[in-house]
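Residue numbers for the sequence shown follow this note's numbering, so the first one is 258 and each next one is one higher.
A quick write-up on the structure given underneath.
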Amino acid sequence: MLLNDFLMKGNIVLLGYMGSGKSAVGKVLAEKSNLNFIDLDDYIEQKERKKISAIFLEKGEIYFRKLETKYLKELINAKSNLILSLGGGTPCFGDNMQLVNSSENTFSIYLQTSIKELTARLYSEREKRPLIAHTKTKDELSEFIAKHLFERSAYYNKAKYVLKTDVKGISEIADEILNLEIT
Ligand code: S3P
258 MLLNDFLMKG
268 NIVLLGYMGS
278 GKSAVGKVLA
288 EKSNLNFIDL
298 DDYIEQKERK
308 KISAIFLEKG
318 EIYFRKLETK
328 YLKELINAKS
338 NLILSLGGGT
348 PCFGDNMQLV
358 NSSENTFSIY
368 LQTSIKELTA
378 RLYSEREKRP
388 LIAHTKTKDE
398 LSEFIAKHLF
408 ERSAYYNKAK
418 YVLKTDVKGI
428 SEIADEILNL
438 EIT
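Pasting the structure below:
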């Protein structure tokens with residue numbers, strides 16, 4: 258079955274490091290398949306009426322991770338026919354990946370992007386992102402991403418499909434996803 262057909266009853270969950278294109282690809286996928294798109298970070302901000310950066314600053318990361326799991330559960334359990342993009346850290350905390358993969362109606366995809374490409378994309382916008390805002394130079398950012406990605410890869414690789422995104426455009430990635438053969 259093509260993933261496009263699976264979408265009649267299921268959800269696609271996109272995961273990957275910050276800057277891997279989860280939200281951009283999710284939006285285009287939703288347009289192409291006529292489904293709803295939800296970005297978990299945006300959903301948390303709407304529900305909490307607060308920016309993610311403010312939640313980190315005022316309440317700390319652990320508090321944020323609890324909220325993240327709560328809203329992930331809410332979305333996975335309640336909705337189908339949804340394209341959902343997770344936050345970069347969502348798969349790596351609690352039982353989030355188990356939750357995502359245990360739902361028969363959910364197909365998870367890891368958007369895998371190289372350290373070089375992530376560094377280039379994230380450097381100019383790192384102030385907005387609490388976990389990388391402390392890095393000062395491109396080399397420092399690249400080193401941080403390398404270590405962080407090394408720790409996180411084991412979780413990301415639990416996705417049902419791994420899609421390499423370097424040198425591909427957003428629309429091309431979305432088409433590749435919709436044409437995936439799934440069993
Ligand atoms: C985080 C990634 C962010 C956001 C938060 C923490 C992470 O999401 O959830 O700042 O731990 O990697 P994006 O990957 O959508 O930027």
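C-beta atoms are modelled at their ideal positions from N, C-alpha and C, and glycine is treated no differently.
Would you list the one or two residues that DSSP bridges to residue i?
i	result
E438	L259
Y418	I366
F294	I340
V270	L341 and S365
Any heavy atom of ligand 3 closer than 8 Å to the Cβ of residue i?
i	result
F313	This structure lacks ligand 3; its bound ligands are ligand 1.
Quick one: what's got a C-beta closer than 7 Å to residue i's C-beta in the same chain, skipping five residues either side?
i	result
L292	L264, N338, L339 and I340
G267	S337, N362, T363 and F364
Out of the options, state which residue places its alpha-carbon closest to the alpha-carbon of residue i.
i	options	result
G345	I434, L437 and H405	H405
I439	L375, P387 and I366	I366
R378	L260, Y274 and N268	Y274
F364	S371, M354 and Y380	M354
Near residue i, what residues of its chain come up, given a Cβ to Cβ distance below 8 Å and the 5 sequence neighbours on each side ignored?
i	result
M258	E438, I439 and T440
L420	I366, Y367, L368, Q369, I430, E433 and I434
Short of 6 Å in beta carbon distance, which residues of its chain neighbour residue i, apart from the five on each side in sequence? Order them along the chain.
i	result
N261	L435
Worksheet item: Touching or not, the segment 355 to 365 and the segment 284 to 292, by the rule of three or more beta carbon pairs under 8 Å?
Response: no
Practice prompt. Please list the segments of the alpha helix (DSSP H) lying wholly inside the segment 334 to 360, counting only runs of 4 or more residues, in order along the chain.
Written response: 353 to 359
Practice prompt. Starting from the N-terminal side, write out each stretch of the alpha helix (DSSP H) that is 4 residues or longer and does not extend beyond the segment 382 to 420.
Written response: 395 to 413
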